[in-house]
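Below is one structure; the comments refer to it alone.
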Amino acid sequence: MDLTFHGITKRFGSVTAVEDFTLTAAPGEFVVLLGPSGCGKSTLLRIAAGLETPDAGAVRMGGRDITRAEPKDRDLAMVFQSYALYPHMTVAENIAYPLRIRGRPASEIDAEVRALAERLGLDGLLDRLPRALSGGQRQRVALARAIIRRPKAFLMDEPLSNLDARLRLEMRAELKHLQRELSTVTLYVTHDQAEAMTLAHRIAVIDRGRLLQYDTPWNIYHRPANLFVAGFLGSPPMNFFDHGEVILGVRPEDIEVSREAQPDWQPARVWVVEEMGNESFVVLHAGDTRVTVRVPAGARFDLDQPVWFRAAPGKTHRFDPKTTEALG
Amino acid sequence: MKTAWKYALAALALALALAPVYWLVTISIKKELDQFAYPPLWWNFAPTLEHYRDAFGARSFGRFLANSALVAAGSTLAALLLGVPAAYGLARFRWERLSFWILSTRMLPPIVTIVPLFLMLREARLLNSLLGLGLLYTAFNLPFVIWMMRGFFDEVPVELEEAARLDGDSRLGALVRVVLPIVRPGLAATAVFCAIVAWNEFLFALILTQTEAAATLPVGIASRVTQYEIKWGAMSAAGVVAMAPVLAFAAAAQKYLVRGLSLGAVKG
Amino acid sequence: MTERLRLPAGILWIAPATALLVALSVYPLLYSLKVSFSTEAGGFTLSHYARLFQDRLFFLAAAQTLLYTAVALVVELLLGLGLALLVDSLDTGRGFFRAGLLAPMLLPPVVAAVVWRLIYNPQFGVLNGTLRTIGIDTSRLTWTSGAGSAMFSVILVDIWEWTPFLFLLLSAGLQALPQEPFEAARMDGASAWRIFRDVTLPLLKPTLLLAVLLRAMDLVRIFDQIFILTQGGPGFATETVSLYIYRTAFRFFNFGYAAVMSIAGLVLTTLFARALLRLLRTR
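Top to bottom, those sequences are chains H, S and B. Note that the first sequence ends on residue 339 in our numbering; no numbers are left out. Note that the second sequence ends on residue 1681 in our numbering; no numbers are left out. Note that the third sequence ends on residue 294 in our numbering; no numbers are left out.
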């Protein structure tokens, strides 16, 4: 089952949240909607869910138009950012709810709930209320509730953003494994580019309601279609150099630096060194431009030390300053 | 449910709620003959202000009005003066048991205390006095003031006062200069509510003010009803006058009434 | 050697309010107790208590009060909930409807009673008048003047006047509910009815409890409306405990017996509240 947005436009009063958005998620694909806060990605997810109706355009699933269908008729499951568990129901009741309202026999429901709980590491918690659970546990209950009905698609709205850093990494891996196993098409919303890179089959980069690029993580990273995409992905972000008619972009890991003057290399001074343990970043000042360079761990630089740098051959991105599109 | 039906239903409920109020107003401006006409005249009648003239003409009416206003204002002020510090104390010092006891006095049916209060006030020579009634209304409204204001105070972060006190202010100063301005809407809503309660109150006023000189508006209206010849026109005019300030106040404070009651609902 | 009394911090904040409340709420209660055991001359007697157990009228009044409370409470709760859900689901004009629907409970109860007395008048009132214009025979509709229909009529007034209170309370409760479980339920596939039953009601329970308790407490001490509408009549048909106590104390000046009834009323009210709480906690 594939999931398609076709020309979706949505306005809230005078604000256009989404503008003529078209995208197809293939069956079994994990598609990440990536963008800064307020870019419209959550709105798109809610339109897919049926919690909002678009002003124009259509949503299709497996060829069937579901634009105006009620959420309950779409057979989609959603995992909310704050999990949206039923506060007055136990873990078991929360997970069972989708099956209960479909009238499945109690014994069947019970068996499925237990099996799923075990798979997600929730057995032993089945009688607890949500308020007695940790964030990660609530997260997994929300997942279980979404999975149990074997929906045609998963919609996830920043499900990891309320977890602390370490738990987030753990759950990220679990999510990826789960999705690859279930092979259900998934739309995943996040503003975290690391999450997007590690989870997605394809990333849709969105800014101000528009789709900027839709491609594999590798292509998005190495062949950004425009300035925004280039600057949004990558940590630390790409270095930009404004040369009037063209804007050049080079990633920190693609810059070579030398303590001795080299022909055609740019001069600069060391401004600050950030040691991460497994690698280091040196921030240089070249004129009034700041340049961030990745260097191996243990490389020693002194404050204000003069150095020379250049972009590794073939690693320079070029952008048109007016259209912000990538050139060549 | 279709939207049109929803609005129709809501409109119907509104009509049922307001019809008697509307009817009261029409009675107050209809000539006596029209008041009991058949079929009932909802709008096609010639209005007259004679009943208002009658009502205001009677000296006692002015007295009732003044008494009600004085007692309402006075008791509200007193309830706030006593209640706000108490609410603040409860919110910041967290005496849960005391809090519970105070609020449970609201549960006390007035009928239980009315007899001894009557006797007590009689001894203290405070019967038939606005002071006695005012004291009583203050005690009435105190639990409510404390309940409401405590909820509002709970919402104000302590850090604000702590910052003020570090800057050199006293606790009382911090309360007045920092906290009160923040809870001003809540304060206003509470005050409005207290005034309404005092203004509408009947039982205590009935029992504790036996003379015309001290009676409040509800008592004045009631005394006219229990007589044989009821002048409905003047009565309705008095009724309209009695209800007008309440409706006006409430309309202004409507948003905050809901919020105040919702605080109670959420915190239980 | 006497120790310096260490007052807990901040007692000044709460002292004046507490003093007033003790003086005018707690002390009278104790005073009432004393009066219930006193004769006219000031001596000790149990005769008032003895009288209570033989007083058929008191128990009749209590039963009628209970009937009044139960019927009014159930209807007001259902109507209030219905209205709260209805108004909450409107897209615009919520504030407008809310403001208008509040009007009945804001009026001085005396004024409300006066209006309804007018409305209920069998010959000239607008209720029978309107019914007559649409062809209904009103000769037997005596409303508050007839012993059979008086109680019902009085309850109707209470419903009109106080449903807005429950509407307000439940509305506030509804608004305070978190939105996400509802969206989750829609995604899970629940119909509107199921959402109401499985999500709305359980989450609303604390508010419902509070609403019922508050209203029930006010209902058992009902006085104002009945005083104006029927004075407890015709006969004893709409007599409630409050009215009976009032009459005993301030028409017959039998303070001792009135005090006893007040205390009995308090006891009954507390028991009623407990029973109500237990009933609602389990549902």
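Glycine is no exception: its CB is placed at the ideal position from the N, C-alpha and C atoms. Being a predicted model, the structure only gives us computed values, none of them experimental.
Whole-angstrom distance between residue j and residue i, CA atom to CA atom
i	j	result
residue 1638 of chain S	residue 125 of chain B	8 Å
residue 1501 of chain S	residue 1477 of chain S	35 Å
residue 14 of chain H	residue 97 of chain B	36 Å
residue 210 of chain H	residue 58 of chain H	22 Å
residue 40 of chain H	residue 197 of chain H	6 Å
residue 316 of chain H	residue 51 of chain H	45 Å
residue 136 of chain B	residue 1445 of chain S	13 Å
residue 1419 of chain S	residue 1427 of chain S	12 Å
residue 250 of chain B	residue 163 of chain B	13 Å
residue 1665 of chain S	residue 1656 of chain S	14 Å
residue 1432 of chain S	residue 36 of chain H	58 Å
residue 265 of chain H	residue 323 of chain H	5 Å
residue 1524 of chain S	residue 256 of chain B	8 Å
residue 1583 of chain S	residue 241 of chain B	57 Å
residue 242 of chain H	residue 103 of chain H	44 Å
residue 193 of chain H	residue 213 of chain B	34 Å
residue 1631 of chain S	residue 1482 of chain S	12 Å
residue 149 of chain H	residue 127 of chain H	14 Å
residue 145 of chain B	residue 67 of chain H	51 Å
Closer than 7 Å at the beta carbon, the chain S residues around residue i
i	result
residue 141 of chain B	1453
residue 287 of chain B	Those do not exist, as residue 287 of chain B stays about 12 Å from chain S at its closest Cβ, beyond 7 Å.
Residues near residue i in its chain [Cβ-Cβ closer than 6 Å; skip 5 each side]
i	result
residue 156 of chain H	105, 106
residue 1443 of chain S	1458
residue 270 of chain B	43, 46, 47
residue 4 of chain H	With chain H covering 12 to 339 only, the question about residue 4 of chain H has no answer from this structure.
residue 331 of chain H	338
residue 1496 of chain S	1555, 1558, 1559
residue 1577 of chain S	1587, 1591
residue 239 of chain H	218, 223
residue 327 of chain H	259, 261
residue 170 of chain H	90
Cross-chain neighbours of residue i in chain B, by beta carbon under 8 Å
i	result
residue 89 of chain H	194, 195, 198
residue 1615 of chain S	119, 120, 121, 234, 235, 238
residue 113 of chain H	200
Spatially closest choice to residue i from the options, by CA coordinates
i	options	result
residue 1607 of chain S	S/1600, S/1489, S/1463	S/1489
residue 46 of chain B	B/225, B/273, B/242, B/224	B/273
residue 1451 of chain S	B/197, B/134, B/183, B/169	B/134
residue 1661 of chain S	S/1605, S/1423, S/1644, S/1614	S/1605
residue 1539 of chain S	S/1418, S/1618, S/1653	S/1618
residue 320 of chain H	H/328, H/76, H/129, H/294	H/294
residue 148 of chain B	B/155, B/173, B/138	B/138
residue 276 of chain B	B/253, B/288, B/216, B/156	B/253
residue 227 of chain H	H/89, H/98, H/235	H/235
residue 30 of chain H	H/43, H/45, H/63, H/55	H/55
residue 1518 of chain S	B/71, B/30, B/219, B/217	B/30
residue 78 of chain B	B/54, B/234, B/166	B/166
Same chain, Cβ closer than 7 Å to residue i, neighbours up to 5 away in sequence not counted
i	result
residue 49 of chain H	none
residue 86 of chain H	162, 163
residue 1574 of chain S	1587, 1591, 1592
One or two residues paired with residue i in a DSSP bridge
i	result
residue 72 of chain H	H/14, H/75
residue 54 of chain H	In DSSP, residue 54 of chain H forms no bridge with anything.
residue 278 of chain H	H/319
residue 260 of chain H	H/251, H/328
Chain-order list of residues whose beta-carbon lies under 8 Å from that of residue i (same chain, five-residue window excluded)
i	result
residue 1462 of chain S	1442
residue 84 of chain B	223, 226, 227, 230
residue 1511 of chain S	1503
residue 288 of chain H	308
residue 206 of chain B	193, 196, 197
residue 60 of chain H	82, 85, 87, 89, 166
Under 9 Å from the C-beta of residue i: neighbouring residues of chain S
i	result
residue 79 of chain B	Here the premise fails: no neighbours, minimum Cβ distance about 14 Å.
Under 9 Å by beta carbon: chain B residues contacting residue i
i	result
residue 97 of chain H	192, 195, 196, 209, 210, 213, 214
residue 1612 of chain S	119
Neighbouring residues, chain H, relative to residue i (Cβ below 8 Å)
i	result
residue 205 of chain B	112
Cross-chain neighbours of residue i in chain B, by beta carbon under 7 Å
i	result
residue 1498 of chain S	24
residue 1655 of chain S	119, 122
residue 1419 of chain S	97, 100, 101
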